[in-house]
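S.K.: Here you go, one structure.
Residue numbers (the numbering used here): 166 to 442.
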């Protein structure tokens with residue numbers, strides 16, 4: 166009996182899992198070894214302890230471009246052009262790197278700028294031209310700067326807008342306190358639910374990126390619903406962990422899509438973008 170016939174014969178017996186075990190073990194070992202190498206390299210080269218930054222794989226970037234294209238109903242080539250804008254913004258990159266280098270908590274932040282899914286935020290703002298963006302959860306202010314950069318480009322095209330950035334931490338948002346980005350950012354320190362209730366103008370785009378518990382995410386979307394402008398878009402950074410925005414979209418008669426990013430050369434599995442519109 167030749168080898169092929171023998172393998173097929175064994176595959177029909179209870180011995181099949183035993184025979185396949187060495188090959189399966191080798192595949193798992195190769196996968197785990199790659200993860201361990203990536204993790205070990207990150208431990209040595211990165212300073213970050215939360216809110217990790219990284220680049221996207223080439224394939225993940227392509228998928229993000231199509232995701233934004235569908236959600237915003239714009240050509241994918243235009244979305245790629247928006248990606249190019251933020252990625253080639255040397256002034257913003259230089260500002261972020263130099264500000265982090267001089268920050269009080271610089272020992273827990275990487276200076277190298279990696280936007281990951283935030284290039285999707287940028288493209289969505291460029292495509293939809295919102296007058297008022299609200300984001301909850303600011304941390305250093307990297308996302309705020311990305312949103313501000315998009316709003317500044319929109320203003321140059323004749324479509325001005327502002328971002329209200331909400332965070333409970335008084336130290337949050339230090340990256341977004343320098344002009345020209347600070348010119349379109351209103352940083353509000355306080356509880357996000359109370360801050361949403363105090364908003365005095367309609368919201369065209371809302372982004373949840375604060376407390377990632379299911380209960381708090383739900384409360385934010387419920388709180389902002391009465392503040393939304395006609396045709397407003399809702400985004401969540403929590404889409405890989407909960408179905409809150411999808412459920413909210415279904416209750417309120419909206420469409421919903423989700424994108425999950427794939428980090429390049431990083432141990433973290435990545436986050437994503439959920440959109441209801």
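Backbone N, C-alpha and C fix where the C-beta goes; we use that ideal spot for every residue, glycine too. Nothing here was measured: the structure is a model prediction, and the numbers come from that model.
Cα separation between residue 180 and residue 168?
M.R.: Here residue 180 refers to the residue found at position 15 of the chain shown. Here residue 168 refers to the residue found at position 3 of the chain shown. Each residue's Cα considered, the two are about 16 angstroms apart.
S.K.: Assign residue 306 to buried or exposed, taking buried as 16 or more other Cβ atoms, counted over all protein chains shown, within 10 Å of its Cβ.
M.R.: Indexing the chain shown from 1 puts residue 306 at position 141. Answer is buried; the Cβ neighbour count reaches 16.
S.K.: With DSSP as the reference, please indicate the residues paired to residue 300 in a beta bridge.
M.R.: Here the question's residue 300 lines up with position 135 in the chain shown. In DSSP, residue 300 forms a bridge with 330 and 372.
S.K.: For residue 414 and residue 332, what's the separation of their Cα atoms in angstroms?
M.R.: The residue you call residue 414 lines up with position 249 of the chain shown. The residue you call residue 332 lines up with position 167 of the chain shown. Cα-Cα distance, rounded: 24 angstroms.
S.K.: Could you please give me the residues that DSSP links to residue 422 through a beta bridge?
M.R.: The residue labelled residue 422 in the question sits at position 257 within the chain shown. The partner list for residue 422 (beta bridge, DSSP) reads 440.
S.K.: Between the beta-carbon of residue 289 and the beta-carbon of residue 248, is there less than 8 angstroms?
M.R.: Here residue 289 corresponds to residue number 124 of the chain shown, with the count starting at 1. Here residue 248 corresponds to residue number 83 of the chain shown, with the count starting at 1. Cβ distance not < 8 angstroms, so residue 289 and residue 248 don't count as in contact.
S.K.: Closer than 6 angstroms by C-beta to residue 219: which residues in its own chain qualify, once you throw out the five before and the five after it? Chain order, please.
M.R.: Along the chain shown, read from residue 1 onward, the residue named residue 219 stands at position 54. Only 279, 281, 428 and 431 meet the Cβ criterion.
S.K.: I want to know whether the region 317-335 touches the region 286-305 - three or more CB-CB distances under 8 angstroms.
M.R.: yes
S.K.: Can you check which of these residues, 388, 292, 351 and 412, is closest to residue 322 by C-alpha distance?
M.R.: For the purposes of this step, residue 322 is taken as residue 157 along the chain shown, with counting starting at 1. That would be 292, whose Cα lies nearest to the Cα of residue 322.
S.K.: Given this structure, state the Cα-to-Cα distance separating residue 416 from residue 320, to the nearest angstrom.
M.R.: For the purposes of this step, residue 416 is identified with residue 251 of the chain shown, where counting begins at 1. For the purposes of this step, residue 320 is identified with residue 155 of the chain shown, where counting begins at 1. Going from the Cα of residue 416 to the Cα of residue 320 covers about 34 angstroms.
S.K.: In whole angstroms, what is the alpha-carbon distance linking residue 221 and residue 424?
M.R.: In the chain shown, residue 221 corresponds to position 56, counting from 1. In the chain shown, residue 424 corresponds to position 259, counting from 1. Answer to the nearest angstrom: the Cα atoms are 13 angstroms apart.
S.K.: In whole angstroms, what is the alpha-carbon distance linking residue 317 and residue 185?
M.R.: Here the question's residue 317 lines up with position 152 in the chain shown. Here the question's residue 185 lines up with position 20 in the chain shown. Cα to Cα, residue 317 sits roughly 58 angstroms from residue 185.
S.K.: Which two residues bound the contiguous alpha helix (DSSP H) that contains residue 397?
M.R.: As a first step, residue 397 must be located in the chain shown, where it is residue number 232. From DSSP, residue 397 is part of no alpha helix (DSSP H) but of the beta strand (DSSP E) over 393-401.
S.K.: Rounded to the nearest angstrom, how far is the Cβ of residue 398 from that of residue 370, given a contact under 8 angstroms?
M.R.: Locating residue 398 in the chain shown gives position 233, where the first residue counts as 1. Locating residue 370 in the chain shown gives position 205, where the first residue counts as 1. Their Cβ separation, rounded to whole angstroms, is 5 angstroms, which keeps residue 398 and residue 370 in contact under 8 angstroms.
S.K.: Measure the alpha-carbon distance for residue 437 versus residue 244 and round it to whole angstroms.
M.R.: For the purposes of this step, residue 437 is identified with residue 272 of the chain shown, where counting begins at 1. For the purposes of this step, residue 244 is identified with residue 79 of the chain shown, where counting begins at 1. Going by the C-alpha atoms only, they are around 17 angstroms apart.
S.K.: Any idea if residue 315 is buried or exposed, counting beta-carbon neighbours within 10 angstroms, 16 or more meaning buried?
M.R.: For the purposes of this step, residue 315 is taken as residue 150 along the chain shown, with counting starting at 1. Buried: at least 16 other Cβ atoms inside 10 Å.
S.K.: Touching or not, the region 355-363 and the region 377-394, by the rule of three or more beta carbon pairs under 8 angstroms?
M.R.: Segments in contact, yes.
S.K.: Which residues share a DSSP beta bridge with residue 459?
M.R.: Outside the shown range of the chain, which is 166 to 442, sits residue 459, and nothing can be said about it.
S.K.: With distances taken from CA atoms, which of 196, 337 and 348 is nearest residue 269?
M.R.: The residue labelled residue 269 in the question sits at position 104 within the chain shown. Of 196, 337 and 348, the residue nearest in Cα terms is 337.
S.K.: Counting C-beta neighbours from all protein chains within 10 Å, is the total for residue 295 16 or more, i.e. buried, or is it exposed?
M.R.: Counting from 1 along the chain shown, the entry for residue 295 is found at position 130. When all chains shown are included, residue 295 counts as buried.
S.K.: Rank 335, 175 and 339 by C-alpha distance to the C-alpha of residue 266 and give the top, closest one.
M.R.: The residue you call residue 266 lines up with position 101 of the chain shown. Among 335, 175 and 339, the Cα nearest to that of residue 266 belongs to 339.
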